[in-house]
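Undergrad: Take a look at this one; I'll ask things after.
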Amino acid sequence: MATHGENQIIVNYSPFKIEVGKIKEFARAIKNTNPIYFDRHAAMKEGYPAIPIPPTFFTVIDYWNDYDFYQLFHLLQLTPNQVLHGEQSYQYYEDVYEGDIITSQLIVKDQYKKNGKTFFKIETIYKNQRNTVVAISQATLILIDGEANDGASDD
């Protein structure tokens, strides 16, 4: 569900259950062969209560949820071929494991023009089933050609 509040676009993602298969698939995709991402016994031997998610796994939630990144482009009236992923960082607060249910809220915190490009500053807050913040992502999208339809002015 997307809403507009105080000049911010907010997208609330549906709950996403962390599944072992997705953890393994992501670990293979990033070429992380650490056994804690593939075997529950290996994870427990290292002190984890279950299989943990690898770093940056939250990207899976962003792309495999009911409101994915391409729908965000549509909401912002952007053409994917004109958008660059400028940067992304994560702040981690608590571990996330198989079986956890993660909800997230994406907020377009800022939008501005610079050097003929439109920049979108995005923050996504991820919470577990206990409503505890487990991570926050900060990203920048850059519209490289054309203009977003919001009337942003050059800085």
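In the working numbering, the protein residues as written are 29 to 183. We put the CB at the ideal spot given by N, CA and C, even for glycine. All of these numbers come straight from a predicted model, not from anything done at the bench.
1. How many angstroms separate the CA atom of G114 from the CA atom of R56?
2. Nearest to K149 by CA position, among K59, S132, I170, N159, is which residue?
3. What residue range is occupied by the uninterrupted alpha helix (DSSP H) comprising G114?
4. Short check: CB of N40 to CB of Q133, under 7 Å?
5. With three or more C-beta pairs closer than 8 Å as the rule, is the region 96 to 110 touching the region 43 to 57?
6. Report the three-state DSSP secondary structure of A163 (helix, strand or coil).
7. The beta strand (DSSP E) that contains I154, what's its start and end?
8. If you compare alpha carbons, which of P82, K73, T146, T131 is closest to T61?
9. Give every residue of the same chain whose Cβ lies closer than 6 Å to the Cβ of D128, excluding the five residues on either side of it in the sequence, and list them in chain order.
10. Beta-carbon separation of A71 and I58 under 7 Å?
11. If you count every other CB in all the chains shown that lies within 10 Å of the CB of E126, and 16 or more means buried, which is it?
TA: If we stick to the structure as given:
1. Rounded to whole angstroms, G114 to R56 spans 25 Å at the Cα level.
2. Considering only alpha carbons, the answer is I170.
3. Careful: G114 lies outside any alpha helix (DSSP H), inside the beta strand (DSSP E) at 111 to 120.
4. A Cβ-Cβ contact shorter than 7 Å links N40 with Q133.
5. Put simply, the region 43 to 57 does not touch the region 96 to 110. Fewer than three CB pairs are less than 8 Å apart.
6. It is a strand residue.
7. In the sequence under discussion, the amino acid at residue 154 is Tyr, which differs from the Ile named in the question. Counting along the chain, Y154 sits inside the beta strand (DSSP E) bounded by residues 145 to 155.
8. Distances from the alpha-carbon of T61 to those of P82, K73, T146, T131 put P82 closest.
9. Apart from sequence neighbours up to five positions away, the residues of its chain that approach D128 with a beta-carbon distance below 6 Å are I46, N156, ordered along the chain.
10. 7 Å or more divides the Cβ of A71 from the Cβ of I58.
11. Under this definition E126 is a buried residue.
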